[in-house]
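Heads up: the structure comes next, in structure tokens.
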Amino acid sequence: MNRCRTERTVKKDMIHHYETAIGDLETQNYLRRFARFDAKRGWYVPSWNWPACLFMGVWALYRKMYKNFWYFAWIFGFFAFAEEASGLEDLFLLTWVITAIFYGLAGDYFYYRHIRHVLREAEPLSAVERIPFLEKKGGIIPWVPWVFGFLGIIGAAIAISIPLYDYFEKSHHRSALYQPKSGGLP
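So the number in our numbering is just where the residue sits in the sequence shown, counting from 1, plus 748.
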């Protein structure tokens, strides 16, 4: 009887530590996903994560997985440079699609491993020190979606304005060449 009570207390503490380390509105969703990994003793179980698929490195930064963010920055920087240098026009797009599918399938597992690492780092700490540590090392960075969303809007505005500028410049030069007396272009 005492053993069951101890196991329930340990499980409650573990769930509380998971919740603190995840620390956002998606906590229950991730707890369900993490339970599948825990049932397989930490081994990979196929799952799908749309934010990880669509936003890859940005999602990793949002979830405080800094190494993964820098891996994405390095990989895509390298392939963008390689595409430019080699003339292989679809190399970057192909890399993007393959990585998006891979990260959509493995994003939950990467996040699980990250949270487990944070929990292992917190084990030697006292109960008083543990919760602030988990809140600091786990959780999310709330400004990431806003900053990258703003950068996306700026990028889209630039991508639209450059062709528009070229179009209006060409039409301005074209109208300057128009000669009303002859009724047409020279």
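Ideal Cβ placement from N, Cα and C applies to all residues, glycine included.
Rounded to whole angstroms, what's the CA-CA distance from residue i to residue j? Just pull it up for me.
i: R811; j: G887; result: 6 Å
i: I910; j: A828; result: 21 Å
i: G903; j: F850; result: 26 Å
i: K760; j: R868; result: 17 Å
i: A783; j: G771; result: 16 Å
i: T775; j: I863; result: 12 Å
i: G835; j: A821; result: 21 Å
i: G825; j: I908; result: 23 Å
i: Y778; j: Y819; result: 23 Å
i: K885; j: F785; result: 21 Å
i: E837; j: W844; result: 13 Å
i: H765; j: E832; result: 46 Å
i: K788; j: G897; result: 36 Å
i: Y915; j: I901; result: 21 Å
Would you kindly report the start and end of the unbroken alpha helix (DSSP H) that includes residue i?
i: L873; result: First-last for L873: undefined, no H or E at that position.
Assuming residue i and residue j make a contact with CB atoms under 8 Å, what is their CB distance in whole Å?
i: A830; j: L841; result: That belief does not hold up - the Cβ atoms of A830 and L841 are roughly 13 Å apart, past 8 Å.
i: A873; j: A769; result: According to the sequence shown, residue 873 is Leu rather than Ala. Actually they do not touch by this definition, with Cβ atoms about 13 Å apart.
Inside the region 788 to 839 only - alpha helix (DSSP H) runs reaching at least 4 residues
If only uninterrupted alpha helix (DSSP H) runs of at least 4 residues are considered, those enclosed by the region 788 to 839 are 798 to 810, 814 to 834.
Is the region 843 to 863 touching the region 787 to 795 in the sense that three or more CB pairs, one from each, lie closer than 8 Å?
Segment contact: the region 787 to 795 against the region 843 to 863, three or more CB-CB distances shorter than 8 Å; contact assigned.
Meets three-Cβ-pair contact criterion under 8 Å: the region 879 to 896 and the region 798 to 816
Proximity of the region 879 to 896 to the region 798 to 816 meets the contact definition, three or more beta-carbon pairs being nearer than 8 Å.
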